[in-house]
Amino acid sequence: MSTLATDFIRNRIREDLENDVVDGTIVTRFPPEPNGYLHIGHAKSICLNFGVAAEFGGKTYLRFDDTNPSKESEEFVHSIQEDVRWLGFDWEDRLTFASDYFEQLYSFATQLIEKDKAFVCDLTADEIRATRGTLTEPGSDSPFRTRSIAENLDLFRRMRDGEYADGAKVLRAKIDMASPNLNMRDPVLYRILHLAHHRTGDSWCVYPLYDFTHCICDALEGITHSLCTLEFEDHRPLYDWVLDNVSINFHPPQIEFSRLGLEFNVMSKRILTSLIDSGQVEGWDDPRLPTIAGLRRRGVPAAAIRDFCSRVGVTKQANLVETSLLDFCVRAELEDTAPRGMAVVEPLLVTVINFEGDDIELEARNHPKNLELGSRRLTFGRELYIERSDFAVTASKKQRKLTLNGLARLRYGFIVECVDVINDDSGLPIELKVRYVENSRSGQDTSGLKPKATLHWVSKANAVHAEIRLFERLFNVREPDGSSFESDVNGNSLRSHHGFVERAAVESKWNPCQFERNGFFAFDSSSTPDRPVFNRIVSLMSSKK
RNA sequence: UGGGGUGUAGCCAAGCGGUAAGGCAGUGGGUUUUGAUCCCACCAUGCGCAGGUUCGAGUCCUGCCACCCCAGCCA
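Residues in the first sequence are numbered consecutively from 14, following my numbering.
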């Protein structure tokens with residue numbers, strides 16, 4: 014976090030500053046389309062754009078690229094702002110919308126017509142596709158390409174005035190139908206869409222396309238470095254063409270970097286949307302999703318996401334980052350600060366048969382090293398719970414478990430010896446009878462006993478019933494493409510348990526916290542005081558074999 | 001077989017002609033009442049391949065190969 018990043022973009026900016034190609038202040042922008050929630054791939058771009066500006070004393074705009082009213086909505090502009098803010102970035106007064114510039118955009122389009130650089134085309138979408146040519150063959154000119162400037166001006170005006178139906182006409186740039194770059198084959202600049210826009214309402218029925226809009230907005234806002242992902246590399250000539258042919262005295266350079274790939278995850282908004290629509294997950298904030306809202310609900314700290322993005326770096330190489338790196342960042346962020354408590358996910362009842370009288374109060378540190386986190390009282394009594402998986406009738410020497418006739422230490426409490434196991438009809442243990450060693454109390458142990466296992470536990474008197482949700486990867490393939498949810502989606506990605514959490518963790522509202530030996534947890538948003546729900550953010554690292 | 005890109009360890013990623021950073025994962029060891037944390041050590045005679053230039057090449061040149069992106073009136 015503290016080492017300053019040196020990637021090809023920051024190097025470029027440093028050079029531009031030194032060579033005075035920008036005058037002192039660098040300006041970037043994060044330009045999401047409000048047609049979905051943000052995901053961790055967007056976080057990479059957000060961290061880059063806002064991070065770079067902060068590092069070089071510059072400014073960053075949050076600009077919504079809202080040129081397609083058929084897909085966009087106010088819900089998404091709200092969620093996106095919330096997510097960017099939560100990630101820790103501030104656009105101050107630089108919140109803009111491409112739709113703020115619709116009037117200027119329209120007049121720039123008119124300019125293009127006047128310079129004979131654009132024309133109104135009556136071809137249908139299918140006809141345009143058919144005359145675009147292929148990757149290896151040139152396209153052919155539209156029969157409307159030779160319309161007079163005056164006619165084009167008139168027609169474009171009438172498009173705006175609503176005289177034509179959707180799709181009846183488009184405005185096209187007049188470039189080169191034989192260009193090897195398909196984006197340069199007279200690309201469509203404006204289309205007719207009789208659709209209300211979430212910000213401009215019914216003011217417009219013609220909407221500009223990305224290639225025409227984005228570069229102009231960048232120029233108008235004085236963006237000194239327009240950073241985008243690799244798939245726009247082929248659009249750069251068009252980005253430049255538009256700015257070169259319109260009266261704007263500012264021309265940002267477009268610089269492309271590779272998108273983030275995270276194994277066992279999808280970043281595609283299309284696939285994310287279908288996951289939600291098909292009920293595979295609960296919504297955009299499902300804790301199994303790599304969305305910012307999902308990560309936040311799961312309990313992942315924003316700082317961990319920032320750290321992750323910084324560790325991943327910025328290059329032009331296609332990448333598929335392992336989830337272990339994200340897990341590492343989450344653990345690293347929580348290790349020093351998360352209070353420790355104990356929770357039993359799959360409880361097994363334990364009766365301490367030689368325990369009599371009042372419960373004993375024990376003291377437990379809330380963190381093994383960070384003493385500022387203080388300590389809490391634990392009660393030890395006749396009945397308590399341990400983790401089912403911590404008991405086995407017999408176990409190898411390698412395994413650290415409580416066994417029949419074996420010893421184990423209850424963390425911060427006493428050493429116990431299991432003297433009997435009671436099974437249900439199917440042979441599953443339902444209760445353990447143990448004896449505790451009176452002089453083995455933590456901190457004042459004179460028993461001389463050294464059990465291999467230290468177990469987490471919750472005494473019955475101190476236990477709060479809680480739903481505990483454990484997550485696994487949503488997909489069981491490293492690079493899901495969304496083509497087959499049936500085979501690719503992990504049916505076991507959510508396992509909900511009814512367990513017990515020690516009272517202090519619930520009452521003190523530790524969030525996030527660590528349940529020792531189980532992982533880091535956070536309250537789910539569905540949690541209520543009398544029905545706590547915990548999400549496991551990430552398990553602990555384990556060297557167990 | 002058009003155009004645009006990218007190839008350095010299992011995964012990221014530095015390197016900008018002077019003899020392969022760092023992180024994650026992994027392995028071995030130490031500390032430890034969380035199989036956690038922390039600490040130490042190990043982990044590319046090798047940089048997609050083949051030639052060439054050079055005293056010297058991951059870095060320069062040539063030729064191959066592989067992979068990614070592009071034929072929306074999406075962004």
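Glycine is no exception: its CB is placed at the ideal position from the N, C-alpha and C atoms.
Mapping the DSSP letters down to three states, classify residue i as helix, strand or coil.
i      : result
Leu75  : strand
Lys446 : strand
Arg27  : helix
Val325 : helix
Arg544 : strand
Ser15  : Confidence at Ser15 is low in this model, with a pLDDT of 39, below 50, so the placement of that residue should be treated as unreliable; the coordinate-derived value is given next. It is coil, neither helix nor strand.
Val343 : helix
Phe498 : helix
Gly504 : coil
Ala356 : strand
Trp470 : strand
Phe263 : coil
Arg158 : coil
Glu430 : strand
His248 : helix
Take residue i as the anchor and find which of the options has the nearest alpha-carbon.
i      : options                           : result
Ala67  : Val34, Ile26, Asp79 and Ile284    : Ile26
Ala408 : Ala466, Ala351 and Leu386         : Ala466
Asn165 : Gly180, Gly146, Leu125 and Thr147 : Leu125
Arg395 : Gly426, Leu553, Thr147 and Asn383 : Gly426
Phe102 : Arg42, Ser556, Ala345 and Ser539  : Arg42
Leu553 : Pro442, Leu339, Asp135 and Thr80  : Leu339
Leu483 : Pro442, Val546 and Asp494         : Val546
Glu268 : Val429, Arg530, Phe534 and Ile22  : With the sequence shown as reference, residue 268 is identified as Ile, and Glu is not the correct amino acid for it. With distances taken between Cα atoms, Ile268 lies closest to Ile22.
Ala122 : Thr286, His52 and Leu256          : Leu256
Arg401 : Leu445, Asn475, Asn418 and Ser83  : Leu445
Thr304 : Lys282, Asp129 and Phe77          : Lys282
Ala316 : Asp96, Tyr220 and Val219          : Asp96
Pro47  : Val334, Arg549, Ser496 and His210 : His210
Gln117 : Thr392, Lys557, Phe225 and Gly71  : Phe225
Pro542 : Ile550, Val514, Phe69 and His207  : Val514
Ser539 : Ser92, Arg516, Leu243 and Gly312  : Gly312
Taking the straight line between their C-alpha atoms, what separation do you get for residue i and residue j?
i      : j      : result
Ala131 : Ser260 : 15 Å
Ser15  : Arg324 : Unreliable positioning characterises Ser15 in this predicted model, as indicated by a pLDDT of 39, which lies under 50. The coordinate reading is nonetheless provided below. In a straight line, the C-alpha of Ser15 is about 11 Å away from that of Arg324.
Thr328 : Pro266 : 17 Å
Ile518 : Asn62  : Just to set this straight, residue 518 is Ala in the shown sequence, not Ile. Going by the C-alpha atoms only, they are around 38 Å apart.
Ala143 : Phe115 : 30 Å
Phe277 : Gln94  : 27 Å
Asn196 : Lys187 : 12 Å
Gly440 : Val406 : 11 Å
Asp403 : Thr416 : 9 Å
Arg424 : Asp349 : 20 Å
Asp253 : Phe533 : 49 Å
Gly512 : Ala479 : 5 Å
Leu462 : Lys410 : 16 Å
Trp217 : Leu184 : 15 Å
Arg212 : Tyr203 : 18 Å
Glu359 : Ile284 : 34 Å
Cys322 : His207 : 40 Å
Phe245 : Asp33  : 27 Å
Arg454 : Ile443 : 26 Å
Asp299 : Arg310 : 7 Å
Ser388 : Tyr449 : 23 Å
Pro381 : Tyr398 : 23 Å
Per DSSP, which one or two residues make a beta bridge with residue i?
i      : result
Ile435 : Glu444
Ile268 : Leu240
Tyr425 : Answer is none; Tyr425 lacks a bridge partner.
Cys526 : Phe534
Phe393 : Ile373
Ile39  : None; Ile39 has no bridge partner.
His510 : Ile481
Arg204 : Val183 and Tyr220
Val133 : Leu184
Ser388 : Arg378
Val363 : Leu397 and Leu445
Contact between the region 267-277 and the region 38-58 (3+ Cβ pairs under 8 Å): With the cut-off at 8 Å, the region 267-277 and the region 38-58 touch.
The region 521-532 in contact with the region 342-356 per 3-pair CB rule at 8 Å: Counting Cβ pairs under 8 Å, three or more are found: they touch.
Stretch pair the region 28-45 + the region 234-243: three plus CB contacts closer than 8 Å: Contact holds: three or more Cβ-Cβ distances are below 8 Å.
Inter-stretch contact (C-beta, 8 Å, three-pair minimum) for the region 192-210 and the region 243-261: Judged by Cβ distances under 8 Å, the region 192-210 makes contact with the region 243-261, as three or more pairs qualify.
The region 287-298 / the region 481-501 touching (three or more Cβ pairs under 8 Å): Verdict: yes, contact present.
contact_flag[the region 223-232, the region 164-182] where n(CB pairs < 8 Å) is 3 or more: Output reads no: the region 164-182 does not touch the region 223-232.
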